[in-house]
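Scroll down for the structure; my scribbles are underneath it.
Chains as they are written, first to last, in the working numbering: chain A, 1 to 458; chain B, 1001 to 1458.
Below, the structure written as structure tokens:
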């Protein structure tokens, strides 16, 4: 292992140097790249002298998600302390089902969950777990909601039930995908219209529920989004909580993208009312910058978690109580330690440090928004307090601009759609960035767009 | 990051030294341990000088799954090259949905899947993906089977269908858990009796299918197990394939534990017929010793993978074809890079090196089996060619023995049950072990059991 730890360090140092020198790589056609990098597997072993250079090449030719020019998706940057924790998790290799094999990692996970629940404003009876990504924490919430609405779903199955659920048109695609998995079916997801800022329209929600009841459906779940994928909008959580209480529906907050506002006294009000939700999920690998993946789900009444996910397994649970054997409340059986990386970040930065990370991202986003709003060359589609800054520059089509920026190895940024418009979506979730990185983004993009337009017209 | 990489190395070196000196830790009561290790999170940041020693203590007090005294579950050991790959995956932090952000990692994953499919004997039209653990690859197989049987399941939901599925009593608990998730319901999982070696009884399987058809159920799926959890038994795959062909049922092989026999010319015959299955899963983090988790699912006809898991997402899939955007065939959206660690192992060891890992584990298991079989103080419950060696020593109850060994910090080993008997289950999946480690296990366990019996009777 010592030799491989040396090799790790030497490649890591080279990678970080390369990231400084060349923040974005010019892409190659996939098959060419795979061949050039000698990715092919064969029967014979390689000596370390043969293998080392191949591995180094692969690493240095991998898209650089940690640099200051990666604005492409809802993750990015490299938090040093979180990476440290995850590196150690690799070597320790505990499975998170029992205290017997997880030891202090079980306590670390519980501490993360308990303190998150406190910050959200959940009662002492709350509980939670960590699942592999926001799609899976949404799935867990949807399952608990289903199992509460249909007591027999887990045992007899869904036969005969006519369930229906509600979320905004701007919500994440994992919701219909999960509805298909669960036997509910995609057709039973009702898409509520959003207002001009991308937030769920409460009048339309009420209308859809009423229509379903009239048609003999059993509404069971509303999912509010804290940070919609494209617009970064926050649904009005207090209002959703109210209608869910009245209609006796499970209320889940999908905070995969922006649920981390619970750490910020300044921005927590964006989700006021979320503490009334039955469940709440957020991804520390998005706003907080841990390595992938670290998605937490909190449940107000722990009994629902146990009801939907517990399973006896004599061969596994042999010592310690259920409280210390979180396999009994998790989606999977064997489970990677995704807790340590978040704990190393939170423990070292303190809750105040996490608040600074959150506040900084809104500050950068609002800085970018100010720039595009005050510049007549931009048409702006997004709003204050969103981490996604959506715009078009002059008359350059967003897809052409983004894809060309990628193909020329200039910048990593994507495009999105909302209410019939397509636009560039600049995502500001890298807390390692500063205003000069935002300035540089616009300067570079504008110069590139100009060049592109010239080529386009000639 | 440089400072934290230095800290990582210094803690890693200390951990590996500690593992040599003390392979098993004596456990403490959870709350005491969490308090002693200062796991609590607080508002204020810690300096590196304060944080470093706390992290070091946590790491050194974590159960040691990589040592030669860990025989507890179906993972263990530390493969150096696989760990190297996973450490780099942490720093690179690519999400495995698109070529745009995954680059060569997408090719690496495809190569792992294609070569695995070849070894299994699948046709060129096969495909696959990596999901977070064996429970989730089982879930994916079960979903594809359901969606093939009930074309409307994904859209309209399961309403009206009366599906039933089949697996042996000795199969993994994720199967009924997943059936609950999917809306099928646990009650629709039929448990087929196993024979005296823990293999599914074909006559009983046929009987159950016939009875269900007569009762108006729609049988849709049989899951065969390559390495049952407790006994390590292999179901007769060719016979299951035959009945599935006749009855037109999806056939899935759950090879989470022992599907890695595909790498060994010597042991591949244990799953003869598995190439006829519609889907096949195996965990590289079990027999092959990669860090958690690395669970592959292969699907004979790729269209089923696409049908059950694809989802349009304009904001995400903006460049390159579907073949290079594996988010379209994965369970989740954002997905950790679990491919690199397996590739670094396979690329460096060659397919022949993987065969050696597999063969060595059977060799050690058969060595242990010989020992207990030839020693009259043991009652033996398991059979040749199983990685789980199941026995009782003298009249010491297995649960008492295993739990005491754990509590005294002697050895990590668990117990299991089969057909009314409870016994110690020694698991031999650490290819870093040699025969002297097996000898040492028995010597230590016997001495401890003797001490325990003396204390017990006085």
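The beta carbon of each residue, even a glycine, is placed where N, CA and C say it ideally should be.
Handout entry: Interface residues of the region 357 to 391 of chain A facing chain B [CB-CB below 7 angstroms]
Key = none
Exercise for the section: Entirely within the region 1090 to 1134 of chain B and at least 3 residues each: give me those beta strand (DSSP E) ranges in chain order. Expected result: 1127 to 1131
Exercise for the section: Step through the CB atoms of chain B and report whether any lies within less than 8 angstroms of the CB of residue 14/A. Expected result: no
Exercise for the section: List the whole-angstrom C-beta distance separating residue 1363/B from residue 1398/B, where the pair is believed to meet the contact cut-off of C-beta under 8 angstroms. Expected result: Not really, about 25 angstroms apart at Cβ, beyond 8 angstroms.
Exercise for the section: Output the boundary residues of the beta strand (DSSP E) element that contains residue 1252/B. Expected result: 1250 to 1255
Practice task
Decide if the region 1292 to 1307 of chain B is in contact with the region 250 to 262 of chain A; the criterion is three or more beta carbon pairs, one per stretch, under 8 angstroms apart.
Solution key: no
Problem - Near-chain D residues of the region 1020 to 1046 of chain B - C-beta to any C-beta below 7 angstroms - result: Although the question refers to chain D, the structure presented lacks it and instead comprises the protein chains A and B.
Practice task
Give me the Cα-Cα distance between residue 447/A and residue 1131/B, rounded to the nearest whole angstrom.
Solution key: 42 angstroms
Practice task
Can you grab the Cα-Cα spacing for the pair residue 340/A / residue 108/A, in whole Å?
Solution key: 7 angstroms
Handout entry: residue 137/A and residue 297/A closer than 8 angstroms at C-beta
Key = yes
Exercise for the section: Could you list which residues in chain A have their beta carbon closer than 8 angstroms to that of residue 1278/B, in chain order? Expected result: Within 8 angstroms Cβ-Cβ: nothing; residue 1278/B doesn't reach chain A, min ~18 angstroms.
Exercise for the section: Using alpha carbons as the reference points, say which of 1018/B, 1334/B and 1229/B lies closest to residue 1315/B. Expected result: 1334/B
Exercise for the section: Please name the residue, chosen from 429/A, 289/A and 343/A, that lies closest to residue 1091/B on a Cα-to-Cα basis. Expected result: 289/A
Exercise for the section: Kindly list the residues whose CB is nearer than 7 angstroms to the CB of residue 120/A, restricted to its own chain and excluding five residues on each side of it in sequence; keep chain order. Expected result: 262, 274, 275, 280 and 298
Exercise for the section: Check each residue of the region 1227 to 1260 of chain B: if its Cβ is closer than 9 angstroms to any Cβ of chain A, include it; give the result in chain order. Expected result: 1229, 1230 and 1256
Handout entry: Interface partners of residue 104/A on chain B, CB under 7 angstroms
Key = 1033, 1034, 1037, 1039, 1058, 1061 and 1062
Handout entry: Between the CA atoms of residue 1003/B and residue 1056/B - distance to the nearest angstrom
Key = 15 angstroms
Practice task
Check residue 1294/B in the structure and name its three-state DSSP category.
Solution key: coil
Exercise for the section: May I ask you to report which of helix, strand or coil DSSP gives residue 422/A? Expected result: strand
Exercise for the section: Can you check the region 207 to 269 of chain A for any beta strand (DSSP E) of at least 3 residues that lies completely inside it and give the ranges in chain order? Expected result: 218 to 225 and 250 to 255
Exercise for the section: Identify each residue in the region 1152 to 1180 of chain B for which the Cβ-Cβ distance to at least one residue of chain A is less than 9 angstroms, and report them in chain order. Expected result: 1152, 1153, 1154, 1155, 1156, 1157, 1158, 1159, 1160, 1161, 1162, 1163, 1172, 1173, 1174, 1176, 1177, 1179 and 1180
Practice task
Compare the Cα-Cα distances from residue 116/A to each of 283/A, 312/A, 32/A and 86/A and report the closest residue.
Solution key: 283/A
Practice task
Using 10 angstroms around the beta-carbon of residue 213/A, count the other beta-carbons present and answer buried if the total reaches 16, otherwise exposed.
Solution key: exposed
Handout entry: Buried or exposed by the 16-neighbour rule on C-beta atoms within 10 Å, applied to residue 10/A
Key = exposed
Practice task
Determine whether the Cβ of residue 1218/B lies closer than 8 angstroms to any Cβ atom of chain A.
Solution key: no
Practice task
Could you tell me which residues DSSP puts in a beta bridge with residue 167/A?
Solution key: 191/A and 223/A
Problem - Residue range of the unbroken alpha helix (DSSP H) whose run includes residue 36/A - result: 30 to 36
Handout entry: Cβ pair residue 1401/B, residue 1427/B closer than 8 angstroms
Key = no
Practice task
Go ahead and pull the three-state DSSP assignment for residue 1324/B.
Solution key: helix
Exercise for the section: Would you mind giving the Cβ-Cβ distance between residue 46/A and residue 1347/B, rounded to the nearest angstrom? I have them listed as a contact below 8 angstroms. Expected result: 7 angstroms
Problem - Three-pair Cβ contact test at 8 angstroms for the region 161 to 172 of chain A versus the region 226 to 238 of chain A - result: yes
Practice task
Compare the C-beta of residue 1183/B against all C-beta atoms of chain A and say whether one is closer than 8 angstroms.
Solution key: yes
Handout entry: Under 8 angstroms (Cβ pairs) to chain B, residues found in the region 443 to 454 of chain A
Key = none
Handout entry: Three-state secondary structure assigned by DSSP to residue 1199/B
Key = coil
Handout entry: Proximity winner among 384/A, 376/A and 407/A, relative to residue 392/A (alpha-carbon distances)
Key = 376/A
Handout entry: Residue environment, residue 1285/B, which counts as buried when at least 16 other CB atoms sit within 10 Å
Key = buried
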